[in-house]
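Residue numbers (the working numbering): 13 to 437.
All C-beta atoms, glycine included, are put in the ideal place defined by N, C-alpha and C.
Report on one structure; see the data block that follows.
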Amino acid sequence: QIAVLIGIAHALVIFRVVAMALFSQSTFEFLREQANTIAVIAGAVLHYITIIIMTEVNRTVALFLCDLEKPRTFSQYENNFIIKIFTFQFFTYFSSLIYIAFFLGRINGHPGNYVRVAGKWRLEECHPSGCITDLFIQMAIIMILKQTLSNVMEYLNPAIKYNLCRKLRCRKKRSVISGEEEAGAEDPCKRQWRDNYDLIEVNTFSLFDEYLEMVIQYSFTTIFVAAFPLAPLLAFINNLMEIRLDAIKMTRLYRRLVPGKANDIGIWLQVLEAIGILAVIGNGLVIAITSDFIPMQVYKYTYSPCVMENYTDVDCLTGYINHSLSIFRIQDFEPDTKPGLALTGLFCRYRDYRNADDYSYTVQFWHIFAARLAFLILFEHVALCVKLIAAWYIPDVPQSVKNVFLDRKHNHLRKELRWVVPPKV
Numbered sequence: 013q014i015a016v017l018i019g020i021a022h023a024l025v026i027f028r029v030v031a032m033a034l035f036s037q038s039t040f041e042f043l044r045e046q047a048n049t050i051a052v053i054a055g056a057v058l059h060y061i062t063i064i065i066m067t068e069v070n071r072t073v074a075l076f077l078c079d080l081e082k083p084r085t086f087s088q089y090e091n092n093f094i095i096k097i098f099t100f101q102f103f104t105y106f107s108s109l110i111y112i113a114f115f116l117g118r119i120n121g122h123p124g125n126y127v128r129v130a131g132k133w134r135l136e137e138c139h140p141s142g143c144i145t146d147l148f149i150q151m152a153i154i155m156i157l158k159q160t161l162s163n164v165m166e167y168l169n170p171a172i173k174y175n176l177c178r179k180l181r182c183r184k185k186r187s188v189i190s191g192e193e194e195a196g197a198e199d200p201c202k203r204q205w206r207d208n209y210d211l212i213e214v215n216t217f218s219l220f221d222e223y224l225e226m227v228i229q230y231s232f233t234t235i236f237v238a239a240f241p242l243a244p245l246l247a248f249i250n251n252l253m254e255i256r257l258d259a260i261k262m263t264r265l266y267r268r269l270v271p272g273k274a275n276d277i278g279i280w281l282q283v284l285e286a287i288g289i290l291a292v293i294g295n296g297l298v299i300a301i302t303s304d305f306i307p308m309q310v311y312k313y314t315y316s317p318c319v320m321e322n323y324t325d326v327d328c329l330t331g332y333i334n335h336s337l338s339i340f341r342i343q344d345f346e347p348d349t350k351p352g353l354a355l356t357g358l359f360c361r362y363r364d365y366r367n368a369d370d371y372s373y374t375v376q377f378w379h380i381f382a383a384r385l386a387f388l389i390l391f392e393h394v395a396l397c398v399k400l401i402a403a404w405y406i407p408d409v410p411q412s413v414k415n416v417f418l419d420r421k422h423n424h425l426r427k428e429l430r431w432v433v434p435p436k437v
């Protein structure tokens with residue numbers, strides 16, 4: 013199943029490559045100029061459609077695998093199902109995002125030696141402003157569509173089902189528990205039971221979808237938050253609407269849930285802890301690899317005019333764009349790939365760190381690569397240490413709450429001891 017999800021991510025990559033090629037050849041000027049952005053938007057919409065389809069497929073496959081395992085207890089069955097469905101959903105949501113964040117524009121080769129799909133379409137490039145823009149567009153579209161269309165469908169499906177059931181429900185009189193026919197003066201309690209029975213039936217995993225939705229949203233707002241800082245705000249607005257919609261569903265559309273005791277949220281807590289660790293790693297990789305933060309800092313403190321020529325009256329990032337571009341000789345174009353333009357110069361510039369003679373990586377590339385690794389290791393260690401210290405310092409249960417429980421337990425034991433009859437001597 014995971015291989016299928018990764019294959020879908022590859023299919024989305026091919027779709028964006030073909031879409032960008034078609035938009036670039038369009039007769040409309042706007043499509044030609046914005047081919048890259050439109051291809052990313054179209055790919056994001058298609059990704060959202062695959063998420064909707066694969067969610068049902070993932071649920072079916074996870075239930076099938078759990079049935080094959082035949083766990084001894086329902087708790088084990090539920091834990092196995094949660095792990096499987098979350099793993100499948102994680103790959104469904106994040107496979108394409110991981111490609112855009114860490115592989116887009118880095119495996120497509122260079123001018124004169126491009127990597128091509130079917131020997132025709134070369135892999136897509138990053139946005140001129142950087143790969144983080146493509147990641148931002150992809151995340152924004154998926155999150156907005158999920159929070160709007162999914163919430164609407166999440167409420168409309170049970171509402172439509174409930175109204176249809178009410179209209180199609182047989183109106184025949186039914187006998188009550190005592191065997192008498194329903195009359196006008198029906199017992200209010202029995203009427204309430206009957207009305208609750210007429211609502212939509214709930215199953216064992218009724219609350220599972222709510223947990224999974226919140227966990228996926230938490231993943232979106234943490235793992236790539238460095239590329240999409242508005243994600244927490246959108247999640248907060250979505251939660252405000254979600255609370256009201258869930259309240260309406262549970263009180264008016266679904267049957268009353270059977271209450272049950274639980275010490276905590278179960279294995280979901282471990283899933284959230286794993287997401288917290290992935291968030292540290294993911295944001296570290298986004299800052300170090302996807303963004304231009306490290307190349308800019310390396311240039312500022314190593315190759316800028318402030319360092320090389322001791323200038324103090326200029327911005328230390330002056331000349332960064334020119335420094336980040338490499339030279340490509342026009343005569344080295346691949347056959348039948350030379351642009352159909354009147355090129356006046358002998359060379360052109362492209363974004364990379366390569367030598368002009370053999371197109372190998374320059375010394376600046378390896379300096380930036382080493383700085384990326386150093387920053388990534390430092391960032392992850394510091395962030396994980398802060399996370400562990402905060403988790404150790406802030407208790408899961410406040411001491412005041414523990415004291416209240418201990419007092420209740422103490423009073424309960426004292427009351428029981430009062431009724432203990434002393435043994436006869």
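- With contacts defined as CB atoms closer than 8 Å, Leu388 and Leu297 qualify as a contacting pair.
- Assigned with DSSP and collapsed to three states, Asn70 falls in helix.
- Under the three-state reduction of DSSP output, Leu337 falls in the strand class.
- In the DSSP annotation of this structure, the continuous segment of the alpha helix (DSSP H) that includes Arg256 starts and ends at 243 to 260.
- Counting along the chain, Cys360 sits inside the beta strand (DSSP E) bounded by residues 359 to 363.
- Residue state for Ile119 is assigned as coil, using DSSP reduced to three classes.
- Taking all protein chains in view, the Cβ of Ala247 is crowded by 16 or more other Cβ atoms within 10 Å, so the residue is classified as buried.
- Judged by their CB atoms, Tyr266 and Leu211 are nearer to each other than the 8 Å cut-off.
- Of the residues Asp370, Arg341, Ala368, Ser372, the one whose Cα lies closest to the Cα of Cys360 is Arg341.
- When DSSP states are grouped into helix, strand and coil, Ile18 belongs to the helix group.
- Your pair Thr302 and Cys143 checks out as a contact, with CB atoms roughly 5 Å apart and the cut at 8 Å.
- Counting every other CB atom within 10 Å of its CB across the protein chains shown gives Glu225 a total of 16 or more, marking it as buried.
- Distances from the CA of Ile249 to each of Gln37, Thr263, Thr160, Val310 were compared; the closest alpha carbon is that of Thr160.
- Between Ala74 and Phe106, the CB-CB gap reaches or exceeds 8 Å.
- Between the region 20 to 37 and the region 133 to 143 there are three or more inter-stretch CB-CB distances shorter than 8 Å, so the stretches are counted as touching.
- The continuous alpha helix (DSSP H) containing Thr104 extends over residues 86 to 114.
- Among the bridge pairs identified by DSSP, Gly142 is matched with His139.
- Asn125 sits in a strand when the DSSP states are folded into three classes.
- Partner residues in the beta bridge of Tyr373, as assigned by DSSP, are Arg366.
- Around the C-beta of Pro410, fewer than 16 other C-beta atoms lie within 10 Å, and the residue is accordingly described as exposed.
- Here Met320 is not near Ala239, since their CB atoms are 8 Å or more apart.
- Ranked by Cα distance from Ala21, the options Asp79, Ser108, Ser87 are led by Ser108.
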